[in-house]
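Read the structure below first, then the notes.
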Amino acid sequence: MLDKKGIAKRIAQELRDGWYVNLGIGIPTLIANYIPQGINVEFQSENGILGMGPFPFEGEEDADLINAGKQTITAMSGACIFDSATSFAMIRGQHIQLTVLGAMEVSDNGDIANWKIPGRMVKGMGGAMDLVASADNIIVAMMHTNKKGKSKLLRQCTLPLTGVQCVKKIVTNLAVLDIVEGGFKLLERAPGVSIEEIKAATEGRLIIEGEIPEMVIA
Amino acid sequence: MLDKKGIAKRIAQELRDGWYVNLGIGIPTLIANYIPQGINVEFQSENGILGMGPFPFEGEEDADLINAGKQTITAMSGACIFDSATSFAMIRGQHIQLTVLGAMEVSDNGDIANWKIPGRMVKGMGGAMDLVASADNIIVAMMHTNKKGKSKLLRQCTLPLTGVQCVKKIVTNLAVLDIVEGGFKLLERAPGVSIEEIKAATEGRLIIEGEIPEMVIA
Amino acid sequence: MNKVVANAQEAIKGIEDNMTLMLGGFGLCGIPENCIAAMVDANITGLTCISNNAGVDDFGLGLLLQKRQIKKMISSYVGENDEFERQMLSGELEVDLIPQGSLAERCRAGGAGIPAFFTPAGFGTEVAAEKEVRYFNGKPHILETALTADFAIVKAWKGDPMGNLIYKGTARNFNPMMAMAGKITIAEVEELVAPGELDPNQVHTPGIFIQRIFQGAKYEKRIEQRTVRQKN
Amino acid sequence: MNKVVANAQEAIKGIEDNMTLMLGGFGLCGIPENCIAAMVDANITGLTCISNNAGVDDFGLGLLLQKRQIKKMISSYVGENDEFERQMLSGELEVDLIPQGSLAERCRAGGAGIPAFFTPAGFGTEVAAEKEVRYFNGKPHILETALTADFAIVKAWKGDPMGNLIYKGTARNFNPMMAMAGKITIAEVEELVAPGELDPNQVHTPGIFIQRIFQGAKYEKRIEQRTVRQKN
Chain A
0 MLDKKGIAKR IAQELRDGWY VNLGIGIPTL IANYIPQGIN VEFQSENGIL
50 GMGPFPFEGE EDADLINAGK QTITAMSGAC IFDSATSFAM IRGQHIQLTV
100 LGAMEVSDNG DIANWKIPGR MVKGMGGAMD LVASADNIIV AMMHTNKKGK
150 SKLLRQCTLP LTGVQCVKKI VTNLAVLDIV EGGFKLLERA PGVSIEEIKA
200 ATEGRLIIEG EIPEMVIA
Chain B
0 MLDKKGIAKR IAQELRDGWY VNLGIGIPTL IANYIPQGIN VEFQSENGIL
50 GMGPFPFEGE EDADLINAGK QTITAMSGAC IFDSATSFAM IRGQHIQLTV
100 LGAMEVSDNG DIANWKIPGR MVKGMGGAMD LVASADNIIV AMMHTNKKGK
150 SKLLRQCTLP LTGVQCVKKI VTNLAVLDIV EGGFKLLERA PGVSIEEIKA
200 ATEGRLIIEG EIPEMVIA
Chain C
0 MNKVVANAQE AIKGIEDNMT LMLGGFGLCG IPENCIAAMV DANITGLTCI
50 SNNAGVDDFG LGLLLQKRQI KKMISSYVGE NDEFERQMLS GELEVDLIPQ
100 GSLAERCRAG GAGIPAFFTP AGFGTEVAAE KEVRYFNGKP HILETALTAD
150 FAIVKAWKGD PMGNLIYKGT ARNFNPMMAM AGKITIAEVE ELVAPGELDP
200 NQVHTPGIFI QRIFQGAKYE KRIEQRTVRQ KN
Chain D
0 MNKVVANAQE AIKGIEDNMT LMLGGFGLCG IPENCIAAMV DANITGLTCI
50 SNNAGVDDFG LGLLLQKRQI KKMISSYVGE NDEFERQMLS GELEVDLIPQ
100 GSLAERCRAG GAGIPAFFTP AGFGTEVAAE KEVRYFNGKP HILETALTAD
150 FAIVKAWKGD PMGNLIYKGT ARNFNPMMAM AGKITIAEVE ELVAPGELDP
200 NQVHTPGIFI QRIFQGAKYE KRIEQRTVRQ KN
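Structure below.
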């Protein structure tokens with residue numbers, strides 16, 4: 000089974016040289032720490048920066064330089080700054096090659112819910128609806144089950160949707176799955192995780208064809 | 000009767016302090032030379048500058064600093080530069096208080112034609128359609144009749160339209176007229192021009208009420 | 000063209016109860032601190048505030064929320080604010096949540112004279128309820144309309160008396176679009192410079208969009224999430 | 000991220016007959032001189048060119064027109080070009096004339112994933128023929144759709160290997176929107192600088208929109224209307 004870092008490491012393997020990448024809050028943010036050698040990517044933060052760098056050294060924080068999670072950041076050499084309309088022009092106009100975000104639920108046709116629990120949690124969708132409606136290449140990074148042990152990979156989402164039929168790939172603590180016609184197609188098992196465990200943790204339709212290899216994580 | 004400079008001088012009297020103004024090619028361009036004392040206006044050129052200044056001194060021309068007529072210009076202190084989308088955001092978003100442009104024909108309901116003579120002249124509308132469709136305050140500066148002596152103030156335009164029911168005021172070599180419900184309302188006569196001459200040169204409906212004063216031009 | 004006013008108190012003159020305001024900023028970054036404080040003092044109530052976020056409990060728009068001066072928020076993300084959540088869940092506060100990109104584009108559209116546009120964001124979700132759906136290139140889009148405000152209040156780094164503005168870093172965010180969309184737009188700046196000091200080529204917001212400008216005092220610029228790494 | 004190519008010849012690789020191009024510039028100001036020359040040499044034909052103007056007889060897009068390499072122009076103003084007028088009136092050249100603001104906004108929309116928007120420009124004119132009309136606030140608007148291109152070719156003053164661009168003066172014009180709307184966008188710059196030399200705060204076109212960049216040679220920057228005043 001993977002921890003959050005492991006999920007981030009596995010997703011980092013999906014990065015390709017020259018890509019622009021938008022990382023959501025939570026597990027996705029960790030991916031920046033595990034970029035494979037020889038791969039050059041640039042991170043876009045939807046509040047208006049391309050070429051986001053690591054956190055600043057203590058004492059060098061700048062209140063005017065934050066990411067979409069409101070964390071203090073730095074700018075890489077060659078970075079650029081822009082307004083929110085231009086930022087979402089990049090997103091909506093499909094200039095970003097990969098979007099990784101967390102989810103509360105994903106359904107086996109690619110619907111995603113991650114912004115609202117009616118009557119309880121009201122934070123808003125932020126940029127998530129723009130991201131999922133626009134991106135061609137969306138990976139969801141999340142735990143396979145919620146804190147109560149219930150599956151987050153469902154036949155149908157129960158929470159208000161963020162987007163429909165948009166998720167292409169999911170990396171969880173248990174597995175890597177693609178969303179294809181007919182359901183979640185199991186591609187890889189997390190180290191030490193059996194197919195039975197994945198079946199038990201997946202409520203939506205699960206497609207298992209042939210040998211399912213164990214993930215290889217450096 | 001006014002010459003082109005006179006038309007420009009008369010329109011300059013319409014300027015109010017603090018206005019942003021877009022001047023079209025031809026007679027309108029001349030208005031910049033006759034801004035009344037104590038009045039501060041800024042000129043917008045739709046190719047992307049606010050705070051357009053006079054022509055450069057000889058030898059100081061900059062190929063990268065032109066107006067919408069492709070003439071070399073200068074920038075005033077406090078000028079700013081922007082792209083064409085932002086420029087037309089200013090125009091369409093009604094941030095400009097006065098637009099002055101030339102016309103080939105104006106009808107007595109405020110339609111204007113100034114971009115095309117089918118089969119003969121094909122220059123394109125440039126920014127004129129955006130300007131006339133957007134501006135609240137449009138003055139047309141033109142000669143009352145064309146080179147063949149035919150009226151340019153018509154019951155109905157014969158050339159392809161640039162915009163409909165948008166012109167508010169016309170200043171010609173013969174008169175100042177507002178466009179109101181029912182036609183061209185004569186406001187002022189050019190120096191030495193009789194009402195009969197204006198009637199004869201106006202094909203569209205002309206409204207004449209009370210005494211029509213002669214223009215006062217400094 | 001001199002649009003300079005003395006201070007925030009003078010700048011907010013004319014903002015009345017029940018008006019609609021736009022306020023720049025993302026989180027606490029790039030917010031018009033001085034004008035917010037002046038509106039708290041002035042006790043203006045019944046406000047509809049268009050702002051990406053709603054501040055935190057004790058800063059930013061949170062200060063207006065605490066005093067119940069806001070009737071309705073139009074935002075994209077309102078987490079990290081307990082008082083907001085309490086007022087919203089209890090029904091005291093109306094809230095209209097909008098995808099962040101649609102919010103930015105709707106403000107720009109309002110300022111640019113584009114009354115409506117199609118976007119894919121929100122199709123198939125609550126956000127699309129009662130909105131027109133149309134397919135372009137086989138992909139569903141919804142029709143979103145422009146937003147404008149009685150007053151827009153933005154914060155910039157530098158500005159000149161004509162209202163030309165330059166922002167710093169990610170404090171730019173929503174400020175440029177909101178500057179375009181106010182019937183009256185107020186800019187507060189950290190430094191008011193003389194005409195001609197800003198390079199025309201580097202102005203972010205052309206002065207034409209600004210009606211009032213002043214140099215703000217004592218910017219706190221609070222950091223919401225102070226994250227650092229260690230020197231090794 | 001290094002997008003640098005050696006020169007215009009290399010930059011235009013992949014531009015084929017019958018493709019749709021966007022070309023930045025207003026008149027002869029801010030046009031991609033090097034790429035135009037390279038396309039003349041390469042004899043690419045049947046092009047659809049989206050550009051505010053069509054150059055003059057012997058410069059800018061006029062060079063491609065002379066060699067009959069252009070099948071269709073999508074522009075707002077095409078005066079000052081006799082060969083253009085001749086080809087258009089004789090029917091050799093297809094021409095789609097678009098209001099300048101709609102042209103700019105349609106390019107931006109193409110780059111920004113906005114498939115269509117409403118604008119008042121052109122209502123009641125030829126331009127509105129067959130377009131949807133809708134009233135907003137009592138005012139008629141027409142629906143305009145986004146423009147994109149197989150290649151967009153822009154000209155900037157300075158650029159870096161990531162593709163970040165800074166324009167100079169009114170040579171900016173259509174370049175930033177067209178840069179957004181190309182499936183592949185080529186930037187030619189007067190000066191290619193090292194990464195980090197451009198202030199992130201002052202970049203006009205973020206590098207994400209650019210796929211290829213090179214430092215152009217021998218810019219003529221011809222002036223179309225040399226107007227001067229006398230020193231007294």
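Residue numbers (numbering that gives the first Met the number 0), protein chains in the order written: chain A, 0 to 217; chain B, 0 to 217; chain C, 0 to 231; chain D, 0 to 231.
Note that the Cβ used here is the ideal one computed from N, Cα and C, for glycine as well.
Chain D contact for residue i (CB, 8 Å cutoff)
i	result
B:Lys122	yes
B:Glu57	yes
C:Ile236	With chain C covering 0 to 231 only, the question about residue 236 of chain C has no answer from this structure.
Length of the line joining the Cα atoms of residue i and residue j
i	j	result
C:Lys59	A:Met141	For the record, residue 59 of chain C in the displayed sequence is Gly; it is not Lys. The alpha-carbon atoms of C:Gly59 and A:Met141 are separated by roughly 32 Å.
D:Asn1	D:Gly215	17 Å
D:Ser74	C:Asn200	26 Å
C:Ile183	D:Ile49	36 Å
B:Leu128	D:Ala127	As written in the sequence, residue 128 of chain B is Met, which differs from the Leu given in the question. Taking the straight line joining both Cα atoms gives about 11 Å.
A:Met103	C:Ile141	24 Å
A:Gln36	A:Gly17	13 Å
A:Val131	C:Ala155	31 Å
CB contact check: residue i to chain A, cutoff 8 Å
i	result
C:Tyr76	yes
D:Ile222	no
D:Asn200	yes
D:Ile207	yes
Beta carbon of residue i nearer than 8 Å to that of residue j
i	j	result
A:Thr22	A:Ile30	It should be noted that the sequence gives Leu, not Thr, for residue 22 of chain A. Going by C-beta atoms, A:Leu22 is nearer than 8 Å to A:Ile30.
D:Ala108	D:Phe116	yes
B:Pro53	B:Val99	no
B:Ser83	B:Ala67	no
D:Gly61	D:Glu32	no
C:Leu96	C:Ile69	no
D:Gly112	D:Phe150	no
B:Glu41	B:Gly50	yes
D:Ile30	D:Leu63	no
C:Gly206	C:Asn163	yes
Residue i - DSSP class collapsed to helix/strand/coil
i	result
C:Tyr218	coil
D:Cys48	strand
C:Thr184	strand
B:Arg91	helix
C:Glu143	strand
D:Lys70	strand
A:Arg15	coil
A:Thr85	helix
B:Val166	coil
CB contact below 8 Å: residue i versus chain B
i	result
C:Met179	yes
D:Gly121	yes
D:Arg171	yes
C:Ala111	yes
C:Asp159	yes
Interface flag, residue i vs chain C, CB-CB below 8 Å
i	result
B:Ala78	yes
B:Leu152	no
A:Gly68	yes
B:Asn39	yes
D:Lys182	no
B:Arg91	yes
B:Phe54	no
D:Pro114	yes
A:Pro212	no
Does the pairing of the region 5-12 of chain B with the region 201-214 of chain A give three or more beta-carbon distances under 8 Å? no
Below 8 Å, can you find three or more Cβ-Cβ pairs linking the region 104-115 of chain A to the region 132-148 of chain D? no
Check whether the region 212-226 of chain C and the region 183-192 of chain C touch, using three or more Cβ-Cβ pairs below 8 Å as the test. Flag = yes, the region 212-226 of chain C and the region 183-192 of chain C touch.
Would you be able to state if there are at least three C-beta pairs under 8 Å between the region 39-53 of chain D and the region 14-26 of chain D? yes
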